[in-house]
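So the structure is just underneath, and the comments pick up after that.
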Amino acid sequence: MWASPYSKRVELALKVKGIEYEFVEEDMTNKSEALLRYNPVHKKVPDLVHNGKPIAESLVIIDYIDETWKEGPRLLPQDPYERAKVHFWAGFLQQQLFEAMISVLKTDGELKVLEEGIKGSYPGWSPFINSDNVGLLEIVVCPTLDAHKALEEVQGVKFLDPEKYPRVTSWVTSLAELPLAKEAMPPHEKLVGLFQLFRSRALESAVA
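Take a look at the structure:
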């Protein structure tokens, strides 16, 4: 689905690895027979079909991509401890920050946790990214936080403050400039329109 950050993660991972793929758009209001067959448990996107075998869940798919296609940049560190740290923060981004951004209730606190977490977990960390050092965390954070400008426009709320969150802001800014990210991420105006639709429906439900 074009606006799904989970789908965009998989697209970006495939692009980073230089893997050719066929993108099949799914209408989530009228799910196809193929989607229901490939993902009968959750009936959601994304689903990667490789050699006729389906793999579901974006983080699982990215792990599969990294282990199946050894050529190209590695998406996860080889060292088990470093890999465990990456998995932890990837899970945090998925379970905490993205949900918080959508609810617009907890985002400020979760961004502070991420900012301090980066500082503590990666002392020598640099926000400057190129196509050779994009890994799992960058793939997860890019579509999750790339939508912040559209959310800010629709909600009238500032999400990324460079003074409060210099590391996170620098990270997102650096990622947004990558040609691969620009190619994979959905157009800003389309996201604004989608968020406006979500917001209007939510407000209508609240009044009803």
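Residue numbering for the sequence shown is 311 to 518, as defined by this note's numbering. Backbone N, C-alpha and C fix where the C-beta goes; we use that ideal spot for every residue, glycine too.
query                                                                                                                      : result
Contact set for Leu415: own chain, Cβ-Cβ below 8 Å, skip 5 residues either direction                                       : Confidence at Leu415 is low in this model, with a pLDDT of 37, below 50, so the placement of that residue is unreliable and no value is reported for it.
Candidates Lys474, Val450, Tyr391, Cys452, of which the one nearest Ser431 by Cα                                           : Tyr391
Inter-stretch contact (C-beta, 8 Å, three-pair minimum) for the stretch 385-405 and the stretch 333-342                    : no
Whole beta strand (DSSP E) elements within the stretch 318-388, 3-residue minimum                                          : 357-360, 363-366
Tyr475 - containing alpha helix (DSSP H), residue span                                                                     : No alpha helix (DSSP H) holds Tyr475; DSSP gives it neither H nor E.
Closest Cα partner of Leu447 within the set Phe333, Ser368, Arg347, Pro356                                                 : Ser368
Cut-off 7 Å between Cβ atoms - residues of its own chain near Tyr348, not counting five sequence neighbours on either side : Asp357, Val359, Pro364
Proximal residues to Trp379 (C-beta, below 8 Å), its chain only, five neighbours per side dropped                          : Lys327, Ile329
Close Cβ partners of Glu321 (< 6 Å) along its chain, the five nearest in sequence each way excluded                        : Ala494
Ala313 and Pro496 closer than 7 Å at C-beta                                                                                : yes
Which of helix, strand or coil DSSP assigns to Arg509                                                                      : helix
Supposed contact pair Arg319 and Ile449 - C-beta distance, whole angstroms, cut 8 Å                                        : 5 Å
Euclidean distance between Cα positions of Val502 and Ser484                                                               : 22 Å
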